[in-house]
Each structure stands twice: as structure tokens, then as C-alpha cells.
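I have placed the structure first, in the form of C-alpha cells, so that the comments after it can refer back to it.
Chains as they are written, first to last, in my numbering: chain S, 17 to 428; chain D, 17 to 428.
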């Protein structure tokens, strides 16, 4: 949680965090400033001090909402700096950062950098700045021991925002179900009122409209994939594909608050009208595995162990897994889950190699999403919910939603 | 244009471009791959060779659509690399890049990096990689002489995509006008059918729904600001503000193709029902300035000169400008325009200091957006259209839309 950042920095001998980029769709910045209309900013977090936010002069009002100490780029005029550096833009930018760092008294020590932005100019300017301030060590937190570690456990306010996104998500999924089942069917294909087949693209447009209406967005798209595409976990679906009865539909939706806030992550697999015996059987195995894993959740465990356990359970049904073959493309081919927060994938990790800090703890928010994929047989199945851990160590699913495979069609 | 990249690289002694990050909302990557469902990828562009795209094993199909040579991360197994590096993640990632670069024969020379992604882990890994490959010089293109220079002129296919976004934009703006004028008015405030005032938030939700319906999105929000907020160019509007007659509304909309493609940028200023004499007069000055600037557009000029010219024209009307006072907050307070493409702000620049390559040339796409702001008097005015330059040197506005200040209300 945020309150742990100073301690984590001190324990790890880090003198400051330097977060840069926009105040929207930039999880590291949004964690501190909230979703803010800042097109480009630099935030310095130093233990025991109020964070310092550097902002463009036109964005003063927006920056002030943060409650942080403010510093306007206008105080470091770029034209003057350019004259000083003989017209070299790279050196001028570096000199501006040097002056900013000097003005806040941060010219030596270890500084970890964060934020999503264009890496090219950033790298060039940091290289130059390093030469100007040789006692300053600028580097990144690859092991995620400071900011991502703090973000890996959520406080009650964060949980409430994720809960609101869970409600939005299941409402959209419920709407989708109502829309699908209200369609007429002709030769196993869903037909719109204009007589044309209902397509994946039609459904996705409607999903986007509902998300917008409920104040959410899906910056990384939505997976609504049918048949063979459902058997390829990262296929988001082919827009022109018609929706047909009896084929698996993998519907994986991971929206966030508008502007790039907290995410929710959720998957159901449906067969409209009917399912083949094979799909029924495999679906049952995924559902049993899901339930078994939920029953084995324990506070303090490293979720990487759960990934191994999933492989074990699915191998017992005779499937290939990423454990038996890292390049497997049918069977169990991905990771069991991941942390969820201001990024849709974040710490704790279920498959990525990490240190001991990677644990399920009170405040952890994570997905469970076992699946089985047989693209050559034209189907894939995945079930996913997002859970959190309470202070007293219980595992709670943010939102309930039926887990039925077969969706009865209402219209003839 | 894309066809110039090899030449630009050779002229500037650059051996390769290394573009990384996702295949969506990442302009440098999208320029080459199109909007692609790649969660994380690395693309290497080397003169005279087919670009090489490194992708996750589950995203092979999506990567193949690029037509580029492919390399799967699965061929550089991270667990094996971790064993080699004694469990250090940073070194393992760097070693993976080293092996990738070795496998494509790129271990020395000057490589420019591009792409939007988390800068922290990136910086740390690049620092490590630099130690492993000391003959490789990795840096960024701060002066925008290669990729951004190529992107600064658009070919006919790109222009057609921007034209389509211009149609979407003006359609949404037209819808907005229809919606506003259809509302009833009570004591100068627009009233919804439920008797409540129509708010900025209501209008913005509807704008988002239209954008979604027409296949667009607005990742950087929309400015729909009234009264004092209209006088602050970077205020996007207060969602709870009611829409009132007689106040200036600055409506600046800059959507892009869904998934993060080409942008369009457009602004109108409206007063519903009526406008004060002062606003009429200042609006007229902005409009005259806009028309004057359009008449002075010439192929080959550096648009920074147009910014100076705008200051001159507006100062003649007695306004303060950024030229007379760089920290000015009323009068003319921003830049006249900017290039538009896969980024909403890109080369050519109107105010940023740049070299001689910053010119209006056939294929240039840019905005013209003069404005005058008086927040303390409760108003602001801006007019903006996006233009392009034809092969024979004509300046064409992508989409026409009326420039009337006062919008007559239809309902009583």
C-alpha cells in the first residue's frame, strides 16, 4: 500500500522515485496524482517530504489538485537553456532536468525512474543528465521492489474502485447475454433485424457503447472470439465472423476507469443453444480445476506455486501444459493469473520469475483464469474472476456471475 | 514519408531503428505494423532489409500479418537465461536482447530507440545491455531527424485515413450541435427531459458514444469547456457545469482511430442563443486572424514563422501574447498549431525550437488554431482546423464546418 513506500525506499537505499509522463493512462503517475489532465509532468517522491510535481504552466490548476508541492517548467525557460547549450535540444532538456533536480536538492544518490512515455528522447536526455550529475544514479526497478511492491496490496479506497469496475464489467456481460439471446437464429447463425448475420464486430461495438455509458473504457480491446479464434488465447476475435450456435465463445473483458484508472478482468466461455459432448467434458474439467484452485488459496503463498498446481491438475486430465512443454499451443498454454490494479497485469505474478516478495497478502488483487485450448478442434475455454484478500485473510470474488456453458436462445 | 527512412538513416549515419512496446496506442510501432494486437514487441528497422519483428509466442498470428521477418521470444527462454545470470532478472532481460541482436547481426553501430513503454525497466535493461555490447550506441532521436521526420509528411493512404477521421469528427460535432439546440431552456440553462440541467458531463458522455459508434476513440479526452473554463486552454471542462446561454463554449475534439491510429484535431467556439458584444468583437478578431493566416500559408516555410506572425496580428488588436510575455495567461497564450498524425502533436512544430527540417511540405498535416483567452472575464475563443499540403503545393482543409459563433436555439 502507498503508506509503505517510504519504508520500502529506506530499506532498499533508494533516495527518490522520479515518475514522468502524462496524468492519464500512466499507472505510476495516476497512483499518485489520480487521473489528471496533465499532458506531461515529472513527479519526485522523496521519503519524509511532500511529493514535488513539475507541470506545464497552462496546467497549473490541474497540478494543484494533487495537493503536492508545485514547480512550473516555465521557471526553467527552454529558449534561455538553448542559448546556454549552443542550440542543442538534447543538452538543453538535460540541463533543465539538472536545474529542476538542483532546485529540489536531489543531485546525488539512487533514483528509480517510472512512468510510461516515449523511450527515445527520454533515454537520450537521461544519458546526458547522467554526465552532468555523476553522483546521481538513475535506474529502473526491474525487480519491482518499491513502487510495484507498494501497489501490489490495495487499501479499502482502491478496492472500492475495483469493486465499481467489477459491477460495470458484469453489467456489460449481462447486457451482452441479453442481446445475444434476443436474436433470431437462421441455420445456426444469429440474425439481426435487417436479416444480416450478427457479427463479432457488431457485438464489440455494443460492448464499447455500454462501457462508455457506464464511465469505463477498454484501452487494450476486449476478447470476444469464437471457434478456432477462441482456441488462441491472445486472439481478440475476427470482426467479420458471424455468431453461430454450438461454438465456444471466449469473452474476456478487462476495462478500466475512463482516463486510465483501475482495471477489472473477467472471462466467461459460452456456447449458444448447445455444446458438443467434447466441449461439455473439457469445460467441466476447467470448471473443476477453477473450483479446486479457489479452495486451495491461502494467505502468504507465492502464486507461482498455483501455476504449478494448475499444470498438475490439468495434466491429470491428460492435457499438455506449459510445464511439460514451454512452447505448447494446445492444452494449457498460459499463466493461471496475475495481479490487477492500475495496470491490467501487475504484481503479484503467477509465472514470471520473482523474489520472495511475490505473495498473496491482505489487499492483494488478482485473477484466476484456468483454460484449455484446442484451436485445431475449433474451440477454447477459459474461466476467469478477480479476487481480493481481506485483512483477516479471506479470499473474496469481487462480483458473481453465472458460470453456465450453454446459453439457451430465447427467440426461434 | 515511410519510403524516405532508409535514406534518412544513411544520411545521418544511423544503422538501425529499434522500436518497442505494444502494437496499439504506440505511434512508432503502429507506423510500421498497423494497429496490431501485440501486447509487447520489438521491431528492428535496418536499411535494405525486411524489418524484423520480435513477438510473444501466443501472438505469432498477429505478428505474421505485418509481413515482416519474425522472431519469437520463445527462442530466447527466460528461465534458461535466468539460470545463466544467477537469477538476476535485469541481466537476464539484457542478455535476451543481446542474443536477439546477435541473431540479427546488430551488435555495433548507432541504433535509435523509439516506442512508448514503461521507462524504468527499459532504462535499467538498456544500461546493462550497453555494458554487454560496448560497440553498440543506443540513444534517442531528440531532434526528430529520422522517424519523426519521415512521419511528418504523409502519403495518400495516410491522408485518406485522416480524411475519414475528419468526417467522423465533424459528424460528431454536428450531432452535438443538433443535440444542444433541441433542448428546452429555463432561465438561460438547457434543461433535459427529466427537468434537470444538461451538464458538460452529459454532453461528453454522448460525444464518447458517437465516437465509439463511428469507430473512433479519444484517448486524451475532449475539451468541452464553458465560461471561465473556456478561457483556460488546457481545461477540459467541469463535468457538473450546466450548459447556459450566452457563454462561450470551446469545443476542441481530437479523436483517433480505435486502437490508437491517426488523429484529427478540430475546434469551434459557440455561444448558445446569443453572445455579448465583447465576445462578438473578440471572436471576429480570432476569425480574421485565422483567415489571414490561411491566406499566408506557403510551401517550404518554417511554421515557427507563422507563430510570430500570429502574435503580430493579435498584438495589433491590443492583446498580450506569448511573444510579449512568455508567462501570459490572458490574450494569446499558446502555439498556433502543430503537426498531426499517429500522434495528436507531432512534427512540424510551430513553437518548439527545431532545425531546418521543420517545414510545411507536400504531405504535411497540421492544425491552425488561433485563440484569445480572458478567463477573468469568463470567456475564451479558439478556432481550429486541420490542413494538408497537396503534391502541387495547395493547402486543403480536411473537412468544412460552419464557423458561426452564435447558435440559435430551436426549442423555447
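Yeah, the Cβ is synthetic: ideal placement off N, Cα and C, and Gly gets one too.
Only those residues of the segment 115–144 of chain D whose C-beta falls short of 8 angstroms from the nearest C-beta of chain S are listed: 128, 129, 130, 131, 132, 133, 134, 135, 136, 137, 138, 139, 140, 141, 142 and 143.
The way I'd put it, the segment 65–82 of chain D doesn't touch the segment 323–337 of chain S; fewer than three beta-carbon pairs between them come closer than 8 angstroms. Under the 8 angstroms Cβ criterion, the segment 111–128 of chain S does not count as touching the segment 97–113 of chain D, having fewer than three qualifying pairs. Bridge partners of residue 36 of chain S according to DSSP: S/58. At a Cβ-Cβ threshold of 8 angstroms, residue 395 of chain D and residue 243 of chain D count as neighbours. In this structure, DSSP gives residue 376 of chain D a state outside helix and strand, which the three-state scheme calls coil. For residue 17 of chain D, no chain S residue has a Cβ inside 8 angstroms of its Cβ, as the nearest lies near 20 angstroms away. At a cut-off of 4 residues, the continuous stretches assigned as alpha helix (DSSP H) that sit fully inside the segment 70–102 of chain S are 76–80 and 94–100. Interface residue (Cβ-Cβ distance to chain D less than 8 angstroms): residue 29 of chain S is not classified as such. Residue 239 of chain S sits away from residue 206 of chain S, with the two beta carbons spaced by 8 angstroms or more.
For residue 201 of chain D, no chain S residue has a C-beta closer than 8 angstroms to its own C-beta; the minimum C-beta separation is roughly 26 angstroms.
Per DSSP, residue 184 of chain D is not a residue of any beta strand (DSSP E); the alpha helix (DSSP H) it occupies stretches across 172–197. One thing to note: residue 322 of chain S has its Cβ no nearer than 8 angstroms to the Cβ of residue 289 of chain S. Contact check for residue 25 of chain S against residue 63 of chain S passes: the beta carbons are separated by less than 8 angstroms. Listed along chain D, the residues sitting closer than 8 angstroms to residue 252 of chain S by beta-carbon distance are 53. If you check the CB distance, residue 312 of chain S and residue 271 of chain S do not come in under 8 angstroms. A distance below 8 angstroms separates the beta carbons of residue 330 of chain D and residue 348 of chain D.
Rounded to whole angstroms, residue 223 of chain S and residue 275 of chain D show a C-alpha spacing of 15 angstroms. Listed along chain D, no residue sits closer than 9 angstroms to residue 374 of chain S by beta-carbon distance, the nearest being about 12 angstroms off. Within the segment 150–180 of chain D, the residues whose Cβ lies closer than 8 angstroms to any Cβ of chain S are, in chain order, 154, 155, 156, 157, 158 and 159. Listed in chain order, the beta strand (DSSP E) runs fully inside the segment 123–149 of chain D are 125–130 and 132–134, counting runs of at least 3 residues.
The C-beta of residue 335 of chain S comes no closer than 8 angstroms to any C-beta of chain D. Across the segment 256–287 of chain D, CB contacts with chain S closer than 9 angstroms involve 274, 275 and 276, in sequence order along the chain.
Residues of the same chain with a CB within less than 8 angstroms of the CB of residue 426 of chain S, apart from the 5 flanking positions on each side, are 197 and 198 in chain order. Under the Cβ distance rule, residue 191 of chain D does not count among the residues neighbouring chain S, no pair being separated by less than 8 angstroms. Contact of residue 358 of chain S with chain D is not assigned, every C-beta pair being separated by 8 angstroms or more. Under the Cβ criterion of 8 angstroms, residue 221 of chain D is counted among the residues facing chain S. Contact residues of the segment 84–106 of chain D toward chain S are 90, 93, 94, 95, 98, 103, 105 and 106 (C-beta to C-beta distance below 8 angstroms). In the three-state reduction of the DSSP assignment, residue 210 of chain S falls in the coil class, being assigned neither a helical nor a strand state. Apart from sequence neighbours up to five positions away, the residues of its chain that approach residue 52 of chain D with a beta-carbon distance below 6 angstroms are 39 and 78, ordered along the chain. With contact defined as three or more Cβ pairs closer than 8 angstroms, the segment 123–142 of chain D and the segment 26–46 of chain D are in contact. Residue 319 of chain D is outside the set of residues whose beta carbon lies under 8 angstroms from a beta carbon in chain S.
Residue range 282–288 is occupied by the beta strand (DSSP E) that includes residue 283 of chain D, with no alpha helix (DSSP H) assigned at that position.
At a C-beta separation below 8 angstroms, residue 225 of chain S has these neighbours in chain D: 225, 228 and 229. With the criterion set as a beta carbon lying under 8 angstroms from some beta carbon of chain D, the members of the segment 61–83 of chain S are 72, 73, 74, 75, 77 and 78, in sequence order.
The Cβ-Cβ distance between residue 385 of chain D and residue 264 of chain D does not fall below 8 angstroms.
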